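Encoded as C-alpha cells, the structure appears first; notes follow it.
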Amino acid sequence: MINSLFGSAMQILSLPFFGNSQGTNSLQAAQMRNELVLFYQPKVNMASGLLVGVEALLRWQHPSLGLLTPAMFDKAINSGKPVVIDLGRWAIEEAIKQISRWGKQGLSMPISVNVMASELTKEDFCTWLDGMFKDYPDVSPAFLELEIVESSQLSNPLLHLIEVINNCRAIGIKVALDDFGTGYSSLSYVRNLPADHVKIDQTFVRDIAVNDKDRQMVRVVISLATSFGCTVIAEGVEKVEDGLILMKLGCVLAQGYAISHPMKASDVPAWANSYKGHQEWIEHCASTPFCE
Ligand code: G
Ligand code: MN
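Numbering-wise, the sequence shown is residues 9 to 300 according to this note's numbering.
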C-alpha cells in the first residue's frame, strides 16, 4: 500500500533507489522522477454547447510501459497489493499552476481535481490550501473544484469532513461528489455533505440506451441530487445518443469520449477554441420547453 506522499523528507529519501524500483514505492518514485502528469478532459453543457471546465486525470508516463491510466498502475507496480493513490495535494497544486498558466494565455478554465475524502481530513488541509492560493494570487478559488471520492475508511470523521468542505466552499471552491451511486455511503454522503455537483458514475451511463435499470438509476440520482440543491453531471458519455437520453432525463452537463478523450494540457487551448457543441444536443434543447 502506498502511504501518504507527504510523509517526512527522511521517508522519501530513504526509498530504495528510484531507478528500476518495482516495490510499493514506485508511484512515489515516479512522482519524484516527474513521470506523473495530469491530462484534462472537457466537461460541457450539452444544451448550450459551452465548455464548463476540465477534469484533471492522473497519468503515468512510464519509461518502458508508456502512458498508463490509474487502472494500469497495479500492473506497473506489481506489489501484489492494491495501489492507493493519495496524490490529491500534488494534483491540486498542479491544477492551480495550470489555471494560472492558462489564465496568462487568456484561457479562463476551471479545473476539477479528484481527492479522497480521507485526504481532506488529514493534517491541516484548509491551511495548506489557503497557502496555495496565497502563492498563486492570480487564481480565483472559484476555478478549483474538488471531486470527492468516498473514503473506504469507515472511521472517517464525518463532522471534520463537513467542516473542511464548508471552509473550502466559503472561499469559493466548488465541490462535487464523484462516482456517485457506486460507494457504500453515497446516500448518506449526499445527505450530509454540502456539494455543488453530483457526478453520475460512468457505470450507470455506459449502457443507458439499452439498459432500463441504468436509466431508472440515473433518473433517481438526478431527482435525489436536484432535491438536495446539487447540479448533476454525467461521466462516461460515449455516444451522442447517450447525451440525448441524459438530457431527456434532466441532465445537461456531460463528460466523456463523445465529447473528448482526456488530453495534454498543451492541447486544451486549441480544443477549447474549436469546440462548438454537438448540433444534435443543441437542436434537441432548442426544441424542448424548459430545457436548461
Ligand atoms: O470516475 P473517475 O472520474 O475517476 O473516472 C475517470 C476515468 O474514466 C478516466 O481515467 C478517464 O480516462 C475515463 N473516461 C473518461 N471518459 C470516458 C468514457 O467516455 N468512457 C470510458 N470508458 N472511460 C472514460
Ligand atoms: Mn472524477
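Cβ atoms here follow ideal geometry from the backbone N, Cα and C, with glycine treated the same way.
Keep in mind the model is a prediction, meaning the values are calculated, not measured.
Inter-residue spacing [alpha-carbon to alpha-carbon] between residue i and residue j
i	j	result
Ile-85	Leu-169	31 Å
Leu-252	Ser-159	32 Å
Val-60	Leu-195	26 Å
His-292	Pro-118	27 Å
His-286	Asp-132	43 Å
Trp-68	Ala-178	33 Å
Lys-130	Ile-290	43 Å
Gly-180	Ile-173	11 Å
His-269	Pro-71	22 Å
Asp-215	Gly-189	15 Å
Gln-210	Leu-95	22 Å
Ala-278	Leu-58	15 Å
Gly-139	Arg-199	30 Å
Arg-227	Leu-201	21 Å
Ala-280	His-205	22 Å
Val-276	Lys-105	15 Å
Gly-244	Gly-264	4 Å
Val-123	Ser-87	23 Å
Val-52	Leu-167	33 Å
Residue range of the unbroken beta strand (DSSP E) whose run includes residue i
i	result
Met-140	Premise fails: Met-140 lies in the alpha helix (DSSP H), 133 to 143, not in any beta strand (DSSP E).
Pro-50	44 to 53
Val-157	152 to 157
Ile-208	205 to 208
Arg-67	58 to 70
Val-183	182 to 188
Val-147	First-last for Val-147: undefined, no H or E at that position.
Residue i: first and last residue of the uninterrupted alpha helix (DSSP H) it sits in
i	result
Asn-200	194 to 200
Leu-166	166 to 178
Lys-89	Looking at the DSSP string, Lys-89 is not in any alpha helix (DSSP H), and its letter there is neither H nor E.
Leu-75	Premise fails: Leu-75 lies in the beta strand (DSSP E), 74 to 76, not in any alpha helix (DSSP H).
Classification of residue i by the beta-carbon crowding that lies within 10 angstroms, buried from 16 upward
i	result
Lys-83	exposed
Pro-50	buried
Tyr-192	exposed
Phe-151	buried
Ser-295	exposed
Arg-97	buried
Phe-236	exposed
Asp-250	buried
Tyr-197	buried
Asp-186	buried
Ser-34	buried
Ser-359	In the structure as shown, the chain starts at 9 and stops at 300, and residue 359 therefore has no counterpart that could be examined.
Gln-36	buried
Anticipated Cβ contact below 8 Å, residue i with residue j, distance rounded
i	j	result
Ala-64	Ala-103	5 Å
Met-54	Met-271	Not really, about 19 Å apart at Cβ, beyond 8 Å.
Glu-288	Val-248	5 Å
Val-240	Ile-208	6 Å
Quick one: complete alpha helix (DSSP H) runs, 4+ long, within the stretch 246 to 294? 248 to 257, 276 to 282, 287 to 294
Quick check for students: name the residue ranges of the beta strand (DSSP E) that lie wholly in the stretch 94 to 121, counting only runs of 3 or more. none
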